[in-house]
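2 protein chains.
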Amino acid sequence: MRKTLIIGCGGVASVTIHKCCQNSEIFEEIMIASRTKSKCDKLKAKLEGTTKTIIHTAQVDADNVKELVALMKDFQPEVVLNLALPYQDLKIMDACLEVGCHYIDTANYEPEDTAKFEYSWQWAYREKFEQAGLTAILGCGFDPGVTGVFSAYALKHEFDEINYIDILDCNGGDHGYPFATNFNPEINIREVSANGSYWENGHWVETKPMEIKREYDFAQVGKKDMYLLHHEELESLGLNIPGIKRIRFFMTFGESYLTHLKCLENVGMTSIEPIEYEGKQIIPLQFLKAVLPDPASLGPRTIGKTNIGCIFQGKKDGQDKTYYLYNVCDHQECYKEVGSQAVSYTTGVPAMIGTMLLLQGKWKKPGVYNVEEFNPDPFMEALNKWGLPWIEDHNPVLVD
Amino acid sequence: MRKTLIIGCGGVASVTIHKCCQNSEIFEEIMIASRTKSKCDKLKAKLEGTTKTIIHTAQVDADNVKELVALMKDFQPEVVLNLALPYQDLKIMDACLEVGCHYIDTANYEPEDTAKFEYSWQWAYREKFEQAGLTAILGCGFDPGVTGVFSAYALKHEFDEINYIDILDCNGGDHGYPFATNFNPEINIREVSANGSYWENGHWVETKPMEIKREYDFAQVGKKDMYLLHHEELESLGLNIPGIKRIRFFMTFGESYLTHLKCLENVGMTSIEPIEYEGKQIIPLQFLKAVLPDPASLGPRTIGKTNIGCIFQGKKDGQDKTYYLYNVCDHQECYKEVGSQAVSYTTGVPAMIGTMLLLQGKWKKPGVYNVEEFNPDPFMEALNKWGLPWIEDHNPVLVD
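Line by line, the protein sequences give chains A and B. Residues 1 to 400 (UniProt numbering) make up the first sequence, in order. Residues 1 to 400 (UniProt numbering) make up the second sequence, in order.
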């Protein structure tokens, strides 16, 4: 029996596990492990009877390598799919090396106390994974993840050389609340209040938070304001796409969302410095999280679509060429299928696909790799099959 | 020795007590009583040596009539100046009646659980005070307070009949924070999120919160946006100014202030419904108060001026006439003089003046009265003497 250990049981993990259970030929036996076992048990109870996949659950503290090792030794998985917090990536990689499991995740490691996104920590594991004959696949969600696969696919089939990539992440969903965050608000808020940056001519160009704003007319969604953010795939694509001159990442935010966020920041409600309240130390951001709608509660009420993709500019047969690859995903359809809206869906499905390709041996080579370093074709085929079909546009509107 | 009991020791009380101590001929002996005796002791320590006024302090729970009565019986004050919370007015009036003390306050009673401002509860005490031969003066701050005195003065000296009054309360101060409230944020927020209303032709006209907005160019401050609010003096002036057709109250708010307030309301941070947080029931608005700058800390850093006054329109000798009476108060000068900025100063000084006039017998008549029911002349004189000089404008710009 092929065994997969999935660590984490939040919104994304729930989608991935639903999809694994739709794909029992590959995911014959899975173990769901998280800090709160009752969440895993609840999901197991929901899925059992609908799938041939055998589901186990366990409690694990992903910060504790010993606990992780004990769990892996007991369950003996081929691969560990890490859907826990980004703070825990290195601990889980350590445990994989100790036990001898392949590794895959969706978001790069960051230290808990600094909002610093970079691959250096995980890339430092290359030799260890190589020597152990193990594969580690980094950042296999949508962005990073599918955006890297799109880039590899474009390079393989459409271009001789790609010079410019603009990654456009649009969420045209409406949950009906004046303000709510689609996933952990802490991570949302960190992302928006950090400096932006893009990759140009071999180095980073830094911007102030939300300094660069563009409007774009997204297919099936319409016109949205989008802002240049730093995003982790810029770092790996900058190295892995030969001939690249510039890569940028844009994400849409509504004016109201940004105003709320700014006001909350101004009054100190997004601070992670604890304050004394009635004899208790309380972190304002944590209290804000408790006041805001639970991201998990947004699923049933979110309508509209996401549109995420990459606009490529480069050369083919000596000619300038542009090419846009994107996916459109409907919040309500996702919710009907797996009980989560499109933001979780678009991350959770690629995580299942990457794990599948690793188990099938199609994406397996000793070392630590980003997704664009593998053959994109089986992944592109799987996207169409497993709920994230892609659309090509050979004449897209470009971003200034 | 003439004795005055002052209940409360917040920002306004601190100003009033400073001014009483500048006026030791009238305020020979005072007792400062509040829930937290250490605050009273601190103020006493600051003032002793600078004044001939004898200062006592005491702990009292102003919600507890028995405690209040015991304190009054012990100290034997002539008058009780209530600068505690508006929720406590009736308890303090009950105690005054029981012991036989005159009463004066700055804000009308409101039940703690509803944002309902009206005089009915206190006016119901008229007969009791009359029969006891005691005077109760209601609402003797700036607005209500000086605005009523201005109205009585205008009626006495400038008009045969006043038809329209617009009360304009402008705070042109800047504390340098993106958002902070000048006094208890809970009361600030209640005021702004309540429906507005004005008095017209003998009845109330209700508006949505902040529905009516005007720009006005305030002397010594400049152009500010102001919004129509309900305010308690509209109720008493509507009854006490014969011939009145309309009274409105406008207060200035900056756009940024209102945006912050709206966002905080939208996310639930101004709610008074407790939420469960780490096993503790926490009221979001109370937690917000703890995160925001302490209003008392704004004093040293607030610059700029307030401009509060009344624009009257009516008839004199058969002719139409307009008349504007206002005071301009400088935040930094107030802070230098009494350690509080102008918002507390403009309320605290009139409270001292009203109490003085009561002690002098100039504003003494058995019953319950609003300030406009007394002779305005000695009060107007005292305003000039005690730090709130007024300015007349016989040709003001009117509000639409």
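Note that the Cβ used here is the ideal one computed from N, Cα and C, for glycine as well.
For residue i: DSSP bridge partner residues
i, result
"Phe250/B", "Leu168/B, Leu228/B"
"residue 481/B", "This structure gives no information on residue 481/B, because the portion of chain B shown stretches from 1 to 400."
"Met210/A", "DSSP, once it has assigned bridges, lists no residue as partnering Met210/A."
"Lys316/A", "Gln319/A"
"Ile283/B", "In the DSSP output, where bridge partners are listed per residue, Ile283/B has none listed."
"Val79/A", "Thr4/A, His102/A"
"Thr355/A", "Answer is none; Thr355/A lacks a bridge partner."
"Met31/B", "Leu5/B, His56/B"
"Gln368/B", "According to the sequence shown, residue 368/B is Val rather than Gln. According to DSSP, Val368/B bridges with Ala136/B."
"Lys262/B", "Its beta-bridge partners do not exist; DSSP assigns none."
Residue i burial status per 10 Å Cβ neighbour count (16 or more: buried)
i, result
"Val343/B", "buried"
"Leu398/B", "exposed"
"Gly49/B", "exposed"
"Asn23/A", "buried"
"Glu127/A", "exposed"
"His394/A", "exposed"
"Ser14/A", "buried"
"Gln88/B", "buried"
"Glu381/A", "exposed"
"Trp363/B", "buried"
"Lys223/B", "exposed"
"Gly202/B", "exposed"
"Val192/A", "buried"
"Ile272/A", "exposed"
"Thr302/B", "buried"
"His18/A", "buried"
Where residue i sits in the DSSP three-state scheme
i, result
"Phe218/B", "strand"
"Thr36/B", "coil"
"Ser197/B", "strand"
"Ile272/B", "coil"
"Ala290/B", "helix"
"Met1/A", "coil"
"Phe374/A", "coil"
"His394/A", "coil"
"Gln59/A", "strand"
"Ala45/B", "helix"
"Pro241/B", "The residue asked about is misnamed: residue 241/B is Ile in this sequence, not Pro. The answer is coil: DSSP assigns Ile241/B none of H, G, I, E or B."
"Leu325/B", "strand"
"Cys96/A", "helix"
"Ala136/B", "strand"
"Asn188/A", "helix"
"Val399/A", "coil"
"Glu130/B", "helix"
"Glu161/A", "strand"
"Gly141/B", "strand"
"Lys205/B", "Reading off the sequence shown, one finds Val at residue 205/B, where the question assumed Lys. In the structure shown, Val205/B sits in a strand (DSSP, three-state: E or B)."
"Tyr177/B", "coil"
"Ile17/B", "helix"
"Asn307/A", "strand"
Identity of the residue in the options nearest residue i by Cα
i, options, result
"Ile212/A", "Asn201/A, Asp225/A, Gly202/A", "Asp225/A"
"Asn171/A", "Tyr345/A, Val371/A, Thr355/A", "Tyr345/A"
"Phe179/B", "Leu359/A, Gly145/A, Cys263/A", "Cys263/A"
"Ile162/B", "Val69/B, Tyr125/B, Lys316/B, Asp330/B", "Lys316/B"
"Phe75/B", "Leu288/B, Val99/B, Gln88/B", "Val99/B"
"Glu200/B", "Arg246/B, Val221/B, Tyr227/B, Ser193/B", "Arg246/B"
"Thr135/A", "Leu288/A, Leu81/A, Val221/A", "Leu81/A"
"Phe253/B", "Leu168/B, Gln286/B, Pro295/B", "Leu168/B"
"Asp174/B", "Lys385/B, Ser38/B, Gly304/B", "Gly304/B"
"Tyr369/B", "Asp377/B, Pro378/B, Leu358/B", "Leu358/B"
"Glu392/A", "Lys336/A, Cys310/A, Trp386/A", "Cys310/A"
"Lys52/B", "Cys21/B, Ile187/B, Phe150/B, Ile283/B", "Cys21/B"
"Leu47/B", "Gly361/B, Gly339/B, Glu372/B", "Gly339/B"
"Asn108/A", "Leu83/A, Phe129/A, Glu276/A, Cys96/A", "Leu83/A"
"Val291/A", "Pro295/B, Asp294/B, Gln286/B", "Gln286/B"
(request) Please name the residues in the region 284 to 297 of chain B whose beta-carbon is closer than 7 Å to at least one beta-carbon of chain A, in chain order. (result) Pro284, Phe287, Ala290, Val291, Leu292
(message) Short of 7 Å Cβ to Cβ, which residues in the region 179 to 212 of chain B face chain A?
(response) Phe179
(request) Please list the residues of the region 243 to 264 of chain B that have a C-beta atom closer than 9 Å to any C-beta atom in chain A, keeping them in chain order. (result) Ser256, Thr259, His260, Leu261, Lys262, Cys263, Leu264
(request) Please list the residues of the region 312 to 345 of chain A that have a C-beta atom closer than 7 Å to any C-beta atom in chain B, keeping them in chain order. (result) none
(message) Output needed in chain order: residues of the region 343 to 366 of chain B with a Cβ under 7 Å from some Cβ in chain A.
(response) none
(request) Using a Cβ-Cβ cut-off of less than 9 Å, give me the residues of the region 266 to 284 of chain A that come near chain B, in sequence order. (result) Asn266, Val267, Gly268, Met269, Ser271, Ile275, Glu276, Tyr277, Glu278, Lys280, Ile282, Pro284
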